[in-house]
Each structure stands twice: as structure tokens, then as C-alpha cells.
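Participant: Mind having a look at this structure? Questions to follow.
Protein chains in written order, with my numbering: chain X, 1 to 254; chain B, 1001 to 1252.
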């Protein structure tokens, strides 16, 4: 079958699905019926955990990413190597295997070290998302900081600023404008990847949709609503980022 | 705190300083003594190592061998060896290197506040004093990008002065400027010279050099070919390379 026939067939199937009431069962999420309303409430109430996991993971990743990026900017090869190894290693691990490793494996590592740190789905998801994302944020920071002309650091040095001071007052305030858009991109990525937390039993948006599908047998309608939920979440974040960018942009015209 | 800064010693003393970039030798056996209050102009063709000398003095570049002393204090590539000199050796760059995200005033107060521990009001008072001195007191609240090149370079000079340095280094301060703005920067530099600032200036402005310099240094291929008093330097340079260079840039 060619690409074209597949496309035509898919379109036909979709159209026939829409016109025939037999394949659609929107009643499962019809807010005018008591069952439909209960189902919607059940699905949407996963929003809190999805947001919480994503925000905490993003905050950790933003801090961790900077800490990983800084040695990557060092003049010393040893420090740069630390950055390289971390980024290459973490970046290479797919999210799902890492999630399994953190959730099922890490507690055993802790136990063997004599510390009992139970990792619940909530923190398992956060650790994985933050760790996995930090390799990417680290690269974003590094690119952003390196894009600031070397003369800025030199000028800061000649007026007696320490490395930390020149980062804090000269380099980062300039780099942040270039870093912010890709960083926001990563946040959207985290929100979407948080769906994997459903696999280890976190009752966020995706898990709830899965659970409802099992009892209601209406995957099309429920997963459609699930996608709309993510869409709304991401659109709100995008609007927030654009507002932030405008605000910072108006402060500075380089 | 390290030893007190010795004002009796030469301001800067380089003995046999060498520097390599990989296999390329950027500086060859540089010997240079600059007394406090002296104004030295370094000239030479591009790639001759003029900027590198200046950048080694304030440790923007490490040197590979030889000794460097600032006010009698030996400066190595270890930052601890010059931590008490931070801000004592000011620098003015070819590309100004002002901080574009800060106002002119904040550009000037940053160093005094963070490195010298001045309060904001003390630092602002000092900043306005030096803005007055470089003749742009009314631009304090503007962003650097709103100023002309000449004004930006004068802000950069004021920023260096706000640290009240004992030595001021200029790395081709007028090379990035439009011709009509060169004189306003050179005028400010001449005034500084009259006030007794120790200055090392890398420049091709030979008129300025003739007026201001106590000592001329000519470099080529990473070596100091000739150094001496300007009257001798301009009228009877002893080396052929220096004669050629001077005839080339004085033609125009």
C-alpha cells in the first residue's frame, strides 16, 4: 500500500466514524448526565498531580542544569569532562527505562547502602523527569552563556568582580533572555513526558484516562478528552512564557 | 590580605616574558619597565603582540615564562597572586565592552559596589563625578546602546576610573570609532595623562602619542624592536622595521 492510499483510508474511516452514531459514545463524558459529570471530574482531577510533578521537576532541572552547565564552561579540561560525561550519559537514556530504574532499582541501591529511602510514584516521577531534563537544560545554559561575548566576562574581571559576581550580575542577566525560550520549550516537554508517570501508578491525567477506559470501554472519547487536557495545559504555559518574554524584552534592547 | 602595594617600585616590570599560542610564539622575551606616572604608547603592525602584552599584564591572558611584577609584587598565573590588585589595573577595550543590560550609571557603580563594598549612594556619587570628568554627566540613565561610539568609550573610561585604579591600560581604544569621534576620546585620555595617571596605550594615533607619551614602544613579530623617548623615536628610529612602519602610518 502506498502512502496515499493509507492517508485516504484513514480519512474515510474518520469521516464515517463522525457520521455514524454507533462508533461514538460521547455520553461517557457528557457533563449533562450524572455519570458523565462524575467521569469528567475523575479525569480532570488528575490535572493537579500532572502540574505539580511537572513544576517540581522543572524547578529541579533548572537548578541542576545550571550546576551541570558551569563546569562545561570551565577553562580546565577536567571540569569540562565532568559536564560532557553527565550530559552524554543522561541524554542517552530513554525516559521510560530511566523511570523503571529509578522507581524499581534505586530503592534497592539505597537499601544496599543501608539507607531506607522509599521512592513513591510521585517522587520517582519527579526524580526521573528532572534528571532526564537536566542534561538538556544544561546544554541550553551552556549555549546561552557562551553566546555572550567573551569581552563581557573580561570587562567584569577588570573592574574587580569575582567569577561568581560576574556570572550573577553580568553574564546570566544577559544570557537569560536567550535561554528563556528554549527553557520554556523544555517545560512543555516535561509536562508531556509526565504522562509516563502513569506507568508506575501515579494517578495523573493519563493514568486516570487509562483507568476509565478499562471500565467504560470508550477509548476514543476518553483519550480525545485527555489530549484536549494536555493541549489546554500547554497553551496556557505558552501564553505565560510569551508574556514573560515580552516583559524581559521590553527591559532590554541590545 | 597580601602585602601593601609598594608605590616606590616600578608600576610594571616585565622580565623575559614569553607566551605561546600552541606552537605560535606570541611574545618573545619581553623586557619592559614602566614607572609610576609614566605614559607608554605601544605601536606596531597587527599581530605583533601589542594587545597580548597588555592582556598579560592584567591577567586576561596567562604568560608562559618570565616574570611580571606590578608595584614590586610578583604576579603569576595563579589568581591568588594578584587578588589584592583586582581593580588597581583598569582596562579600556577596543569594543568598549559595556554591559548592555545595565544603565550607564549601573555600569559605573557595579565594580565599586561589588568589589569595593561601597554603598549605592557612595558609588553613585563617584560615578557622577567621573561621568562629569568624561563630559557626559547627562547620560547617566541611558542604556549604552543609546549612546554614540565615542560616548560609549568615554563611559568605559569612566567605568574603569570608578575603581580608582593606579594603572590604566588602553587596548586600541579608538580603533572601533568613527573618525569624528576619535578626538573626543583622545581628549579625555590626554586629560587623564596630565593628571598623572600611569597609562599604557596600544594605539595607532601617532599625534596622540607624540603629545602624551613619555616612552614609545615598537613591537613586531612578538618582540619589542625598539623603545625610547618619543622625540628620538619619531625623528630617528634606529631599526629599519620601525622606520618602515612609521612611514606607512604617517603617510596619511
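Every residue gets a Cβ at the ideal spot worked out from N, C-alpha and C, and that includes glycine.
Going residue by residue through the stretch 1085-1132 of chain B, where are the continuous beta strand (DSSP E) segments of at least 3 residues, counting only ones entirely within it?
Facilitator: Counting whole runs of 3 or more residues, the stretch 1085-1132 of chain B contains the beta strand (DSSP E) stretches 1089-1092.
Participant: For residue 1164 of chain B, does the count of other Cβ atoms within 10 angstroms reach 16, so buried, or fall short, so exposed?
Facilitator: Exposed, by the Cβ-count rule.
Participant: With a threshold of 8 Å between beta-carbons, can residue 1063 of chain B be considered close to chain X, or not?
Facilitator: No, residue 1063 of chain B does not count as interfacial toward chain X.
Participant: Could you have a look at residue 1002 of chain B and say whether DSSP puts it in helix, strand or coil?
Facilitator: The predicted model places residue 1002 of chain B with a pLDDT of 46, which falls under 50 and marks its position as unreliable; any figure quoted below should be read in that light. Residue 1002 of chain B falls in the coil class under three-state DSSP.
Participant: Is there at least one Cβ from chain X nearer than 8 Å to residue 1001 of chain B's Cβ?
Facilitator: Because the pLDDT at residue 1001 of chain B is just 40, under 50, the model does not fix this residue reliably, and the value given afterwards should be weighed accordingly. Not an interface residue.
Participant: Using Cβ-Cβ distances below 7 Å, what residues of the stretch 209-242 of chain X are close to chain B?
Facilitator: Hits within the stretch: zero.
Participant: For residue 161 of chain X, decide whether its Cβ has a neighbour in chain B, counting only Cβ atoms nearer than 8 Å.
Facilitator: With 8 Å as the cut-off, residue 161 of chain X counts as an interface residue toward chain B.
Participant: Count the other CB atoms within 10 Å of the CB of residue 1002 of chain B; is the residue buried (16 or more) or exposed (fewer)?
Facilitator: At residue 1002 of chain B the pLDDT is 46, less than 50, meaning the model places this residue with poor confidence; the figure from the coordinates comes in the next sentence. Exposed: under 16 other Cβ atoms inside 10 Å.
Participant: Let me see if you follow: with CB-CB separation under 8 Å, is residue 1101 of chain B close to chain X or not?
Facilitator: Yes, residue 1101 of chain B lies at the interface with chain X (some Cβ there is under 8 Å from its Cβ).
Participant: Comparing the C-beta of residue 155 of chain X with each C-beta of chain B, is any distance below 8 Å?
Facilitator: It does; some Cβ of chain B falls within 8 Å.
Participant: How about residue 1161 of chain B and residue 1117 of chain B: are their beta carbons less than 8 Å apart?
Facilitator: The answer is no: Cβ separation not under 8 Å.
Participant: Check each candidate in B/1123, B/1119 and B/1059 and name the one with the smallest Cα separation from residue 1082 of chain B.
Facilitator: Looking at the Cα atoms, B/1059 is the closest of the given residues.
Participant: In the DSSP assignment, find the beta strand (DSSP E) that holds residue 1246 of chain B and state where it starts and stops.
Facilitator: That residue, residue 1246 of chain B, is in no beta strand (DSSP E); its alpha helix (DSSP H) goes 1240-1250.
Participant: Take the Cβ of residue 254 of chain X as the centre, count every other Cβ of all protein chains shown within 10 Å, and call the residue buried at 16 or more, exposed below.
Facilitator: Bear in mind that a pLDDT of 45 at residue 254 of chain X, under 50, signals an unreliable position, so the model cannot answer this.
Participant: Taking only the alpha-carbon atoms, compute the straight-line gap between residue 209 of chain X and residue 41 of chain X and give it to the nearest angstrom.
Facilitator: About 11 Å.
Participant: Check whether the stretch 147-163 of chain X and the stretch 75-93 of chain X are in contact - that is, three or more C-beta pairs closer than 8 Å.
Facilitator: Too few Cβ pairs lie closer than 8 Å, so no.
Participant: Does the beta carbon of residue 25 of chain X sit closer than 8 Å to a beta carbon anywhere in chain B?
Facilitator: Output row for residue 25 of chain X: interface = no.
Participant: Label residue 1024 of chain B either buried or exposed according to how many other C-beta atoms from any shown protein chain fall within 10 Å of its C-beta, with 16 as the threshold for buried.
Facilitator: It is exposed - the Cβ of residue 1024 of chain B has fewer than 16 other Cβ atoms within 10 Å.
Participant: Tell me where the alpha helix (DSSP H) around residue 216 of chain X begins and ends.
Facilitator: Here the alpha helix (DSSP H) through residue 216 of chain X covers 205-216.
Participant: Using a beta-carbon distance cut-off of less than 7 Å, what residues from the stretch 1103-1115 of chain B approach chain X?
Facilitator: Result list: 1110, 1111, 1114 and 1115.
Participant: Which residues, in chain order, does the stretch 1043-1067 of chain B contribute to contact with chain X at a C-beta distance below 7 Å?
Facilitator: So the close ones are 1058 and 1060.
Participant: Which same chain residues, not among the five before or five after residue 144 of chain X, have their C-beta less than 7 Å away from its C-beta?
Facilitator: Answer for residue 144 of chain X: 175, 178 and 179, listed in chain order.
Participant: So for residue 1170 of chain B, helix, strand or coil by DSSP?
Facilitator: Residue 1170 of chain B falls in the strand class under three-state DSSP.
Participant: Quick one: what does DSSP say residue 250 of chain X is sitting in, helix, strand or coil?
Facilitator: Bear in mind that the predicted position of residue 250 of chain X carries a pLDDT of just 48, short of 50, making it unreliable; the figure below should be weighed with that in mind. Reduced to three states, the DSSP call for residue 250 of chain X is helix.
Participant: Run through the DSSP bridge pairs and tell me what residue 1067 of chain B is partnered with.
Facilitator: According to DSSP, which records beta bridges pairwise, residue 1067 of chain B is partnered with B/1015.
Participant: Please determine, among X/132, X/184, X/152 and X/138, the residue with the shortest C-alpha to C-alpha distance to residue 98 of chain X.
Facilitator: Of the listed residues, the one whose Cα sits closest to residue 98 of chain X is X/132.
Participant: Mind checking who residue 1228 of chain B pairs with in its DSSP beta bridge?
Facilitator: Partner(s): B/1216.
Participant: Could you give the uninterrupted runs of the alpha helix (DSSP H) lying entirely in the stretch 75-129 of chain X, keeping only those of 4 residues or more?
Facilitator: Here the runs fully enclosed are 77-92, 95-100 and 106-112.
Participant: Can you have a look at residue 1077 of chain B and say buried or exposed, based on whether 16 or more other CB atoms are within 10 angstroms of its CB?
Facilitator: By the neighbour-count rule (16 or more Cβ atoms within 10 Å), residue 1077 of chain B is not buried but exposed.
Participant: Hey, does residue 158 of chain X have any beta-carbon neighbour from chain B nearer than 8 Å?
Facilitator: It does; some Cβ of chain B falls within 8 Å.
Participant: So with CB distances below 7 Å, who are the chain X contacts of residue 1159 of chain B?
Facilitator: 159, listed in chain order.
Participant: Can you tell me which residues form a DSSP beta bridge with residue 1021 of chain B?
Facilitator: BP columns for residue 1021 of chain B point to B/1024.
Participant: Taking Cβ to Cβ, would you say residue 1188 of chain B is nearer than 8 Å to residue 1157 of chain B?
Facilitator: Yes, they are a contact pair.
Participant: Just how far apart, CA to CA, sit residue 152 of chain X and residue 72 of chain X?
Facilitator: Between residue 152 of chain X and residue 72 of chain X, the C-alpha separation is close to 18 Å.
Participant: Could you tell me whether the Cβ of residue 144 of chain X comes closer than 8 Å to any Cβ of chain B?
Facilitator: False, the Cβ-Cβ gap to chain B never drops below 8 Å.
Participant: Please list the segments of the alpha helix (DSSP H) lying wholly inside the stretch 135-164 of chain X, counting only runs of 4 or more residues, in order along the chain.
Facilitator: Entirely contained in the stretch 135-164 of chain X, the alpha helix (DSSP H) runs reaching 4 residues are, in chain order, 150-158.
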